[in-house]
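Chemist: To convert, take the position in the sequence shown, counting from 1, and add 319; that gives the numbering used here. Have a look at this one.
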Amino acid sequence: MLAFFVLHASLCPVFFISGVICVLIQADVFHAYQVVRKNNVPAENIITFAYDDIASNPKNPFRGKVFHDNMHEDVYNGVVIDYRGKDVTRNNFLNVLKGDKKLEAKNKKVLKSGPDDNVFLFYSGHGALHAVELNDILAYMHSKKSTTNLCCTWRRATPALCFEILFLQIWELLTSAKEDEESWSIFCTDKDIDTCLANEFPYAWITDSEYHDLKTRTLDQQYEEVKKGTAESHVMKYGEMLGHIVKETFRDIVTDVTTHHKLTLNGLSKRDETMCFQALFDQFRTHCFTIQQVPEVARQTNHFMELCKAGYKAKTLIDSVHNVC
Numbered sequence: 320m321l322a323f324f325v326l327h328a329s330l331c332p333v334f335f336i337s338g339v340i341c342v343l344i345q346a347d348v349f350h351a352y353q354v355v356r357k358n359n360v361p362a363e364n365i366i367t368f369a370y371d372d373i374a375s376n377p378k379n380p381f382r383g384k385v386f387h388d389n390m391h392e393d394v395y396n397g398v399v400i401d402y403r404g405k406d407v408t409r410n411n412f413l414n415v416l417k418g419d420k421k422l423e424a425k426n427k428k429v430l431k432s433g434p435d436d437n438v439f440l441f442y443s444g445h446g447a448l449h450a451v452e453l454n455d456i457l458a459y460m461h462s463k464k465s466t467t468n469l470c471c472t473w474r475r476a477t478p479a480l481c482f483e484i485l486f487l488q489i490w491e492l493l494t495s496a497k498e499d500e501e502s503w504s505i506f507c508t509d510k511d512i513d514t515c516l517a518n519e520f521p522y523a524w525i526t527d528s529e530y531h532d533l534k535t536r537t538l539d540q541q542y543e544e545v546k547k548g549t550a551e552s553h554v555m556k557y558g559e560m561l562g563h564i565v566k567e568t569f570r571d572i573v574t575d576v577t578t579h580h581k582l583t584l585n586g587l588s589k590r591d592e593t594m595c596f597q598a599l600f601d602q603f604r605t606h607c608f609t610i611q612q613v614p615e616v617a618r619q620t621n622h623f624m625e626l627c628k629a630g631y632k633a634k635t636l637i638d639s640v641h642n643v644c
């Protein structure tokens, strides 16, 4: 199952679907919305950005409808759009992710997730969002513990213009192409509609989501399948970055302990070592990361056992965890 459909605790995932002016970009967004709703995600947990100038456009030969492929199945009907037209801006997008109180005061939807929530971000567009801006907002979300799991699916004509692989605070990210590639459009020869109807990467992701059981399908499984369905560019997955953050976190905790504290115990019994480790790891899971979130945690926990064996008090070690996380 996809990361954003992993229901942990009793809280629902929160979704962001964002798109702008082009027909195919908005069709990506509308189809994604339909798939999410079919998976029983409440409409109130979806925040949708779309310019919304297609369905009622005089040039649309199928007035009131938007298609995402040559089958001409309408993906527009039923979509609730929260930010449309002039409200589809970079600043609004970033402020929504921040949970901006001013927007909320205007009765606009904003992200109101907490540390037990899962957030899925689907972005399709040519917008002017820069890598540093997005990196900063993700770092902000991480610092505010706005989510347990964040999964991003990102389609842009040239992903490098947006990312340049600057992500430092990312949970899972799928992009439509390598940093030096363009992504491509499909369904461009429809005789009734003189435009392309979809982007190759989002269409592969959306249709995979539509025809598989998302309660059992993993992100890795979907990544492998979407790669096969994206022939003109190389789909990329960036999830290992959080593993590096975990390594740095453990390193910082060890440094904090060994730099600012002295050994106070002359060795612990095996039982006390185990109790020290358990107390320390419980705090790490609460304030930093869990193994379920980042498997790398399991490979780094030996550092905690070594600190307990060395003779540091459990309280000293826990204080360092709180200082770092």
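Backbone N, C-alpha and C define an ideal beta-carbon position, used for all residues, glycine too. Quantities reported herein were computed from a predicted structural model and do not represent experimental measurements.
Kindly indicate which three-state DSSP category Thr367 falls into: helix, strand or coil?
Modeler: Reduced to three states, the DSSP call for Thr367 is strand.
Chemist: Measuring straight from C-alpha to C-alpha, what distance separates Ser277 and Tyr352?
Modeler: Nothing about residue 277 can be read from this structure; the chain reaches only from 320 to 644.
Chemist: Evaluate the contact criterion for the segment 628–638 versus the segment 588–598: three or more CB pairs, one atom per stretch, below 8 Å.
Modeler: Yes, the segment 628–638 touches the segment 588–598.
Chemist: When we look at the beta-carbon of His387 and count the other beta-carbons within 10 Å, is it buried (16 or more) or exposed?
Modeler: Buried.
Chemist: When we look at the beta-carbon of Tyr402 and count the other beta-carbons within 10 Å, is it buried (16 or more) or exposed?
Modeler: Answer is buried; the Cβ neighbour count reaches 16.
Chemist: Less than 6 Å between C-beta atoms, sequence neighbours within five positions excluded: which residues of the same chain meet that for Phe569?
Modeler: Cβ neighbours of Phe569 beyond the five flanking positions: Gln619, His622.
Chemist: Determine, using beta carbons only, whether Phe385 and Thr367 come nearer to each other than 8 Å.
Modeler: Just to set this straight, residue 385 is Val in the shown sequence, not Phe. No, the Cβ-Cβ distance between Val385 and Thr367 is not below 8 Å.
Chemist: Determine the DSSP secondary structure at Ile340, reduced to helix, strand or coil.
Modeler: Low confidence applies to Ile340: its pLDDT is 35, below 50, so where it sits in the model is not reliable, and the reading given next is rough at best. Coil.
Chemist: Does the beta-carbon distance from Ile525 to Pro380 come in below 8 Å?
Modeler: No, the pair does not count as a contact, with Cβ atoms beyond the cut-off.
Chemist: Report buried or exposed for Glu625, applying the criterion of at least 16 other Cβ atoms within 10 angstroms of its Cβ.
Modeler: The residue in question, Glu625, is exposed, as its Cβ has fewer than 16 Cβ neighbours within 10 Å.
Chemist: Between which two residues does the alpha helix (DSSP H) containing Val582 stretch?
Modeler: Strictly speaking, residue 582 in this sequence is Leu, with Val absent from that position. It is not in any alpha helix (DSSP H) - Leu582 carries neither H nor E in the DSSP assignment.
Chemist: In chain order, what residues of the same chain have a beta carbon less than 8 Å from the beta carbon of Gly562, not counting five sequence neighbours either side?
Modeler: Excluding sequence neighbours, Gly562 sits near Val613, Pro614, Glu615.
Chemist: Skipping 5 residues on each side, what residues in its chain have a beta carbon closer than 7 Å to that of Leu582?
Modeler: So the qualifying residues of the chain are Ala629, Gly630, Tyr631.
Chemist: Based on the DSSP secondary-structure assignment, which residues constitute the bridge partners of Leu649?
Modeler: What the structure shows of the chain is the stretch from 320 to 644, and residue 649 is not part of that stretch, so it cannot be assessed.
Chemist: Let me know if Met390 comes out buried or exposed under the rule of 16 or more other beta-carbons within 10 Å of its beta-carbon.
Modeler: Counting Cβ neighbours within 10 Å, Met390 comes out exposed, since fewer than 16 surround it.
Chemist: Is Asn719 helix, strand or coil when you go by DSSP?
Modeler: What the structure shows of the chain is the stretch from 320 to 644, and residue 719 is not part of that stretch, so it cannot be assessed.
Chemist: If you check the beta carbons only, do Gly404 and Asp371 fall under 8 Å apart?
Modeler: A contact, by the Cβ cut-off of 8 Å.
Chemist: Rounded to whole angstroms, what's the CA-CA distance from Ile340 to Ala369? Just pull it up for me.
Modeler: Any reading at Ile340 must be qualified, since the residue scores a pLDDT of 35, below 50, and its modelled position is unreliable; no value is offered.
Chemist: For Phe439 and Lys589, I'd like the C-alpha separation in whole angstroms.
Modeler: For Phe439 and Lys589, the distance between alpha carbons rounds to 43 Å.
Chemist: Taking 8 Å as the cut-off, decide whether the C-beta atoms of Asp539 and Val643 are in contact.
Modeler: Contact flag unset, no.
Chemist: I'd like the ranges of any alpha helix (DSSP H) spanning at least 4 consecutive residues and lying wholly in the segment 594–625.
Modeler: Listed in chain order, they are 615–619.
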